[in-house]
Amino acid sequence: MKYKYIVRIRVTVQKVFILITEMEKMMKLAVLGDIHSNHVALDTCIRHALDQNVDEFLFIGDYISDCPYPQRTMKVIYEMRKRYHCYFIRGNREDYMLKHRSHPEERWTYSSASGNLLYTYENLTERDLNFYESMDIQGIYTKSGYAPFRYCHGSLTSSNELLIPSNENLENIMSNLDVDLLVGGHTHIQEVRKFGTKTLIHPGSVGIPWYHNGKTQYMILHSTNQGWEEEFFQLEYDVKAVIEEFKTSGIMEKAFYWSKLNIHAISTGDDYTTPCLKLAMKMCEESEGSVAWPDIPEKYWEMAYHQFVK
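Going by this note's numbering, the residue at position 135 of the sequence shown is 756; the numbering climbs one at a time, nothing skipped.
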């Protein structure tokens, strides 16, 4: 009988050792969002993340639009899906593309208002659009031994909702969150916000980063005994190569001032696309009595652009 007890004790000790070993395996999860067709910045972030020995990749939407050659970004995404353990959700830019496919009567024109969207759509394939359609706009990370968290591009219910302090729904969203952590994109800002016991983290933008002099941004989530801990990165990359692609890709001929605004943003970290659009629409309405997107004459874009970029 005593030998049976010894065997049982040894088996129990072995199981405890395995359990402790599994708990000590710290997970590193690279989080990348708001790539906006900037495949040069994306390559930089991926290489850096691999140098940090990350275990998995989480992509949280807005893979395309704003920068040239969206097909080059999609090539990187497909290669990542093949080679590494990746999670994907779609953002508002992917939703724009899917809506345009479903409603071809929606009029996009070669102009600073919608030319960037039209250029992007024309450089995508059915494979790309079907890939976007296969994604959700949110997800939940559940892996045995690690704290669950939710992730989204905009919010859990809308790819276009901004989870920022001026959003009156933000407190309600966080108070009703069924996990302790929400990771979101869309804001292009690296930040951590606390809501009691709940945390909201934005990893910044890979492709059109705000602040930090335009350095490309991503985040690594490190698992801890308490949950997850964020580590933000801002990296130098070959901005000149991206600017050269603006000149050679044809995007500037189809969306001139929008492209110039994005060149300014990736060069400086100062993004004026939204305020410039609003000012151009205001100038058009004041001068012509009405305004309807995307029919905003380029002269108003030019005047608005020079109000922001000297």
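Using N, Cα and C, we set each Cβ at its ideal position, and we do this for glycine too.
Rounded to whole angstroms, what is the Cα-Cα separation between residue i and residue j?
i    : j    : result
C707 : M648 : 14 Å
I641 : E727 : Reliability of the predicted coordinates at I641 is poor, the pLDDT of 41 falling under 50, and the value obtained from them is presented with this limitation in mind. Distance between the alpha carbons of I641 and E727 is about 57 Å.
L777 : L679 : 16 Å
L856 : V827 : 9 Å
A901 : G910 : 13 Å
H885 : T818 : 39 Å
T763 : F770 : 7 Å
S686 : E743 : 11 Å
V800 : K931 : 46 Å
Y624 : H843 : For Y624, the pLDDT reaches just 41, beneath the cut-off of 50, and the residue's location in the model is therefore unreliable, although a value from the coordinates is still provided. Looking at the two C-alpha atoms, the distance is approximately 44 Å.
L821 : L798 : 10 Å
E865 : M873 : 11 Å
V652 : W849 : 13 Å
L791 : M756 : 24 Å
Y626 : N674 : Confidence is the limiting factor: at Y626 the pLDDT is only 41, short of 50, which leaves the residue's position unreliable, though a coordinate-based value still follows. Approximately 43 Å, taken between the alpha carbons.
S779 : H823 : 16 Å
N793 : Q811 : 22 Å
P786 : T694 : 31 Å
V804 : K899 : 29 Å
L784 : Y839 : 18 Å
F867 : Y893 : 18 Å
K646 : D672 : 18 Å
F877 : H724 : 25 Å
A768 : M701 : 25 Å
H927 : S908 : 18 Å
L802 : G712 : 19 Å
V912 : K903 : 8 Å
Any idea if residue i is buried or exposed, counting beta-carbon neighbours within 10 angstroms, 16 or more meaning buried?
i    : result
E789 : exposed
K696 : exposed
D716 : buried
D859 : exposed
K875 : buried
A925 : buried
N751 : exposed
R714 : buried
K815 : exposed
G766 : exposed
T845 : exposed
E643 : For E643, the predicted structure reports a pLDDT of 46, less than 50, and the residue's modelled location is therefore unreliable. The matter cannot be settled from this model.
K881 : buried
Q847 : exposed
E782 : buried
P691 : buried
S733 : buried
T746 : exposed
S796 : exposed
T741 : buried
Taking 9 Å as the threshold (C-beta atoms), are residue j and residue i in contact?
i    : j    : result
W879 : N737 : yes
H657 : Y699 : no
I710 : Y772 : yes
E851 : V813 : yes
T837 : A662 : yes
S922 : C897 : Note that residue 922 corresponds to Trp in the displayed sequence, not to Ser. Cβ atoms of W922 and C897: closer than 9 Å.
G890 : P689 : no
S888 : G825 : no
K655 : H809 : Correcting the residue identity first, residue 655 is Asp in this sequence and not Lys. Taking 9 Å as the Cβ cut-off, D655 and H809 qualify as a contacting pair.
I681 : H774 : yes
Which residue wins for smallest C-alpha separation from residue i, given the options the options?
i    : options                   : result
F853 : P830, G871, V860 and M873 : P830
D916 : D672, L653, K861 and S735 : S735
K703 : H724, E677 and K720       : E677
C905 : Y893, I810, E919 and L882 : E919
G760 : S796, S787, G806 and V863 : G806
I758 : T730, F867, S796 and L719 : L719
T730 : H724, S723, L739 and R722 : L739
T895 : A862, L802, F929 and K868 : F929
R722 : D749, Y705 and M701       : D749
T665 : Y893, H724, K646 and A862 : A862
Y705 : P725, L650, G712 and H724 : L650
Flag residue i as yes when its Cβ comes closer than 8 Å to any non-hydrogen atom of the ligand MN, and as no otherwise.
i    : result
A886 : With respect to small molecules bound, the structure shown includes none, and the ligand MN cannot be examined in it.
May I have a chain-ordered list of the alpha helix (DSSP H) segments no shorter than 4 residues that lie completely inside the stretch 687 to 741?
You should have 691 to 704 and 713 to 723.
Could you tell me which whole beta strand (DSSP E) segments of length 3 or greater appear in the stretch 834 to 865?
Complete beta strand (DSSP E) runs here, min 3: 837 to 845 and 848 to 856.
In chain order, what are the residue ranges of uninterrupted alpha helix (DSSP H) at least 4 long that sit wholly in the stretch 867 to 915?
List check, alpha helix (DSSP H) in window: 872 to 875, 877 to 889 and 894 to 909.
Whole runs of the beta strand (DSSP E) within the stretch 792 to 817, excluding any shorter than 3 residues:
802 to 804 and 811 to 816, all fully within the stretch 792 to 817.
Go through the stretch 643 to 692 residue by residue and report every complete run of the beta strand (DSSP E) that reaches 3 residues or more, in order.
Within the stretch 643 to 692, the runs of beta strand (DSSP E) at least 3 residues long that lie entirely inside it are, in chain order, 649 to 653 and 677 to 680.
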